[in-house]
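Since the structure comes first, as structure tokens, the remarks are kept for the end.
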DNA sequence: ACGCGGTTTAAAT
DNA sequence: TAAACCGCGT
């Protein structure tokens, strides 16, 4: 995806490099691309959700590349995708079908006994799930690899980090496959990095400063460049028919302003230009400039770039297209990988701890230890990482107790459920059937949509863990205040009532009862750390020792409807 | 020249 | 899932 044909267009500015160039600096990683590539190595296992560690090969793939970077004394900073942007919903639907079709085809081949053919189809059916992302996070934590879950687009977060000085937690370059990074204004981007660390790099400043290079960007600034990208067609806004990257570049370099290009565009191909194309374009450009990102030091959301006066004058609701604001506690919980950024369910830390970290990681570590000239700088940087992470571990502190009122409403609207991670590590026990992991919530709608695993047997999930005695029932859904529950909606219930043993149990029986009626709000304290606003389901008994979490599994159609309802300000996809 | 749709191929081990 | 490649239409 990304910007259509941008990389091909920018080819003259893209040079082969080796990541060694970034030794002793911090480099950002767009986790999605590695997760996706890694998923190929175990596509069947992921699709079928089989037991065993072969399924975790994508983790090995990822960590091998992390080790590679560390081997070259690079400090990797992994950035994962968070919630979906309000606008870019439209792409998901048809691919969903394709994926489902491929999955079914694979199952057919499997029944015929043709495993090889089945794998081919499985590879076309895999997608990156939030469960995979979460498992990765657990490993990153245990390996002391710095990571951050972006509130929305990882690209925006990476661009933000790239704008910071290294000493302030910034990064010197980004490894990704996504050309969006350039539209976001990322200084240095490395594409197509292979397993040896070779890749293709584009330095944005070189583009603007180049004198005799073919596509000339002499009079471009970052804003014009971004506008060119949007004109060429991006995930937020399809291009005007007949306009691609080349003409977009032509328009921008000729007219030197977005407004002029727009008026020329309208007079030139009037009918082809949608009514609200101008406003959509301006807003899309704004997203690339001012998207909401997580501010690591302030532990709250902020904008990629300080808002222009123009945007600051707008009422806050009008800024939702940059990504809805989140309260600091929610933003922090997301960033630290404690809650699923889409469903806002607490991650349950499924059993990655049992994973035996093996060969590649260890072998690199050994190499480092044995290599005398590497020893000093490495231990130094490792120590730095350790310090950093332990500082980050500091939680969502008491300041969140006095949450600003404006947020509590939002916490309701978006139905944020912030749960402290269960404090008993041992409560996470590998289940005999890992398919219980709620892995049908993809981190990203744009490039991936999950197969609805519940169609293949997942019905209910029971989990037990200890709370501090408070009992709440929480319905967790994207939008609890939207009543529609279509037929395709199913419910999984996480029943936390069994306090004595902390085993995750499967319960195969269906649970169709709906307890959606909600009549009161409460601030609930969980483990004395996080104060959250949530809704108490009628009938929940205070002090009862049960803790129920209902999750809603929806078809993507449902999601899309909801998202469309939400994006009242911006409907980029009215034409689709 | 450019856009664009359709087809092919690599990716992972 | 792209990206790369190709041929057609403007």
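In full-length UniProt numbering, the protein residues as written are 1 to 576. Beta carbons are placed, not taken as given, at the ideal position from N, Cα and C, and that holds for glycine.
Given 8 angstroms, three or more beta-carbon pairs between the stretch 237 to 253 and the stretch 299 to 306: Here the stretch 237 to 253 does not lie against the stretch 299 to 306, with fewer than 3 beta-carbon pairs under 8 angstroms apart.
Please report the Cβ distance between residue 172 and residue 159, rounded to the nearest whole angstrom; I am assuming they are in contact, meaning their Cβ atoms lie under 8 angstroms. In the first chain, residue 172 corresponds to position 172, counting from 1. In the first chain, residue 159 corresponds to position 159, counting from 1. With a Cβ gap of about 13 angstroms, residue 172 and residue 159 do not count as contacting.
Buried versus exposed call for residue 16 [16 or more other C-beta atoms within 10 Å across all chains shown]: Counting from one through the first chain, the residue named residue 16 turns up at place 16. Counting Cβ neighbours within 10 Å, residue 16 comes out exposed, since fewer than 16 surround it.
In the DSSP assignment, what residue or residues form a beta bridge with residue 30? Indexing the first chain from 1 puts residue 30 at position 30. Paired residue(s): 79.
So, for residue 29: in the same chain, excluding its five sequence neighbours on each side, which residues have a beta-carbon less than 7 angstroms away from its beta-carbon? On the first chain, residue 29 is found 29 positions in, with the first residue counted as 1. Close CB contacts of residue 29 within its chain, under the 7 angstroms cut and outside five residues either way in sequence, are with 76, 77, 78, 79, 175 (chain order).
Output the boundary residues of the beta strand (DSSP E) element that contains residue 154. Translated into positions along the first chain, residue 154 becomes position 154. Premise fails: residue 154 lies in the alpha helix (DSSP H), 154 to 163, not in any beta strand (DSSP E).
Span of the beta strand (DSSP E) around residue 201: Translated into the one-based positions of the first chain, residue 201 becomes position 201. It spans 198 to 203 - the beta strand (DSSP E) in which residue 201 sits, taken as one unbroken run.
Below 7 angstroms between beta carbons: does that hold for residue 145 and residue 59? Here residue 145 refers to the residue found at position 145 when the first chain is read from its first residue. Here residue 59 refers to the residue found at position 59 when the first chain is read from its first residue. No, the pair does not count as a contact, with Cβ atoms beyond the cut-off.
With residue 64 as the anchor, note down where its alpha helix (DSSP H) starts and where it stops. The residue you call residue 64 lines up with position 64 of the first chain. Element bounds for residue 64: 57 to 71.
Span of the alpha helix (DSSP H) around residue 176: Locating residue 176 in the first chain gives position 176, where the first residue counts as 1. For residue 176, there is no enclosing alpha helix (DSSP H); the enclosing beta strand (DSSP E) has its first and last residue at 173 to 176.
Report the residue from 19, 133, 96, 278 whose alpha carbon sits nearest the alpha carbon of residue 36. Here residue 36 refers to the residue found at position 36 of the first chain. Taking only the C-alpha atoms, the option nearest residue 36 is 133.
With H, G and I counted as helix, E and B as strand and the rest as coil, what does DSSP make of residue 367? Working through the first chain from its first residue, we reach residue 367 at position 367. Low confidence applies to residue 367: its pLDDT is 36, below 50, so where it sits in the model is not reliable, and the reading given next is rough at best. Shown here, residue 367 sits in a helix according to DSSP, grouped into three states.
Measure the alpha-carbon distance for residue 167 versus residue 62 and round it to whole angstroms. Taking the first residue of the first chain as position 1, residue 167 is located at position 167. Taking the first residue of the first chain as position 1, residue 62 is located at position 62. About 26 angstroms.
Assuming residue 233 and residue 85 make a contact with CB atoms under 8 angstroms, what is their CB distance in whole Å? On the first chain, residue 233 is found 233 positions in, with the first residue counted as 1. On the first chain, residue 85 is found 85 positions in, with the first residue counted as 1. That belief does not hold up - the Cβ atoms of residue 233 and residue 85 are roughly 16 angstroms apart, past 8 angstroms.
Among 196, 147, 202, which residue has its Cα nearest to the Cα of residue 178? Residue mapping note: residue 178 aligns to position 178 of the first chain, counting from 1. Restricting attention to 196, 147, 202, the CA atom closest to the CA of residue 178 is found in 202.
Contacts around residue 105, its chain only, beta-carbon distance under 6 angstroms, and the 5 residues preceding and following it disregarded: Residue 105 sits at position 105 when you count from the first residue of the first chain. Here the set comprises 121.
Cα separation between residue 2 and residue 57? Translated into the one-based positions of the first chain, residue 2 becomes position 2. Translated into the one-based positions of the first chain, residue 57 becomes position 57. Whole-angstrom Cα-Cα distance: 27 angstroms.
Tell me, please, whether the stretch 245 to 256 touches the stretch 271 to 283 by the rule of three or more beta-carbon pairs shorter than 8 angstroms. Because the criterion of three Cβ pairs below 8 angstroms is not met, the stretch 245 to 256 and the stretch 271 to 283 do not touch.
May I ask you to list the residues that DSSP assigns as paired with residue 188? As a working note, residue 188 is residue 188 in the first chain. Answer is 203, bridged to residue 188.
What residue does the beta strand (DSSP E) around residue 295 start on, and which one ends it? The residue labelled residue 295 in the question sits at position 295 within the first chain. Secondary structure note for residue 295: its beta strand (DSSP E) is the uninterrupted segment 292 to 295.
Between the CA atoms of residue 127 and residue 347 - distance to the nearest angstrom: Position 347 of the first chain, counted from the first residue, corresponds to residue 347. Position 127 of the first chain, counted from the first residue, corresponds to residue 127. Taking the straight line from one Cα to the other gives about 19 angstroms.
Kindly indicate which three-state DSSP category residue 84 falls into: helix, strand or coil? As a first step, residue 84 is located in the first chain; it is residue number 84 there, counting from the start. In the three-state scheme derived from DSSP, where H, G and I count as helix and E and B as strand, residue 84 is classed as coil.
Pick from 137, 273, 18: whose alpha carbon is nearest that of residue 337? Here the question's residue 337 lines up with position 337 in the first chain. Considering only alpha carbons, the answer is 137.
Excluding sequence positions up to five away, which residues of its chain have a Cβ less than 6 angstroms from the Cβ of residue 207? Looking up residue 207 in the first chain gives position 207. Answer for residue 207: 13, 217, listed in chain order.
Roughly how many angstroms separate the alpha carbons of residue 211 and residue 294, rounded to a whole number? For this step, residue 211 is matched to residue 211 along the first chain. For this step, residue 294 is matched to residue 294 along the first chain. Between residue 211 and residue 294, the C-alpha separation is close to 36 angstroms.
I'd like the span of the alpha helix (DSSP H) that includes residue 225, first residue to last. Looking up residue 225 in the first chain gives position 225. Its alpha helix (DSSP H) spans residues 222 to 232.
So, helix, strand or coil for residue 15, using DSSP? Taking the first residue of the first chain as position 1, residue 15 is located at position 15. Residue state, collapsed to three classes: strand.
Return the Cβ separation of residue 74 and residue 148 in integer angstroms, given the expectation that the two are a contact with Cβ distance under 8 angstroms. Within the first chain, the letter at position 74 stands for residue 74. Within the first chain, the letter at position 148 stands for residue 148. Here residue 74 is actually not in contact with residue 148; their C-beta atoms are around 17 angstroms apart, not less than 8 angstroms.
Tell me which residue opens and which closes the beta strand (DSSP E) that residue 330 is part of. Taking the first chain and counting its residues from 1, one reaches residue 330 at position 330. Annotation for residue 330: no beta strand (DSSP E) segment contains it, though the alpha helix (DSSP H) segment containing it runs 328 to 335.
When you compare each of 66, 52, 11, 156 to residue 289 by their alpha carbons, which one comes out closest? Here the question's residue 289 lines up with position 289 in the first chain. Of the residues 66, 52, 11, 156, the one whose Cα lies closest to the Cα of residue 289 is 156.
Please classify residue 236: does DSSP put it in a helix, a strand, or coil? The residue labelled residue 236 in the question sits at position 236 within the first chain. Note: residue 236 maps to coil in three-state DSSP.
Which of helix, strand or coil DSSP assigns to residue 243: If you number the first chain from 1, residue 243 lands on position 243. Coil at residue 243, not helix or strand.
Just to confirm before moving on: does the CB-CB distance between residue 150 and residue 82 stay below 7 angstroms? Taking the first residue of the first chain as 1, we reach residue 150 at position 150. Taking the first residue of the first chain as 1, we reach residue 82 at position 82. Taking C-beta atoms as the reference points, residue 150 and residue 82 count as a pair closer than 7 angstroms.
With residue 601 as the anchor, note down where its beta strand (DSSP E) starts and where it stops. Any question about residue 601 goes unanswered here, given that the chain covers just 1 to 576.
Contact under 7 angstroms by Cβ, residue 109 with residue 117: As a first step, residue 109 must be located in the first chain, where it is residue number 109. As a first step, residue 117 must be located in the first chain, where it is residue number 117. A contact, by the Cβ cut-off of 7 angstroms.
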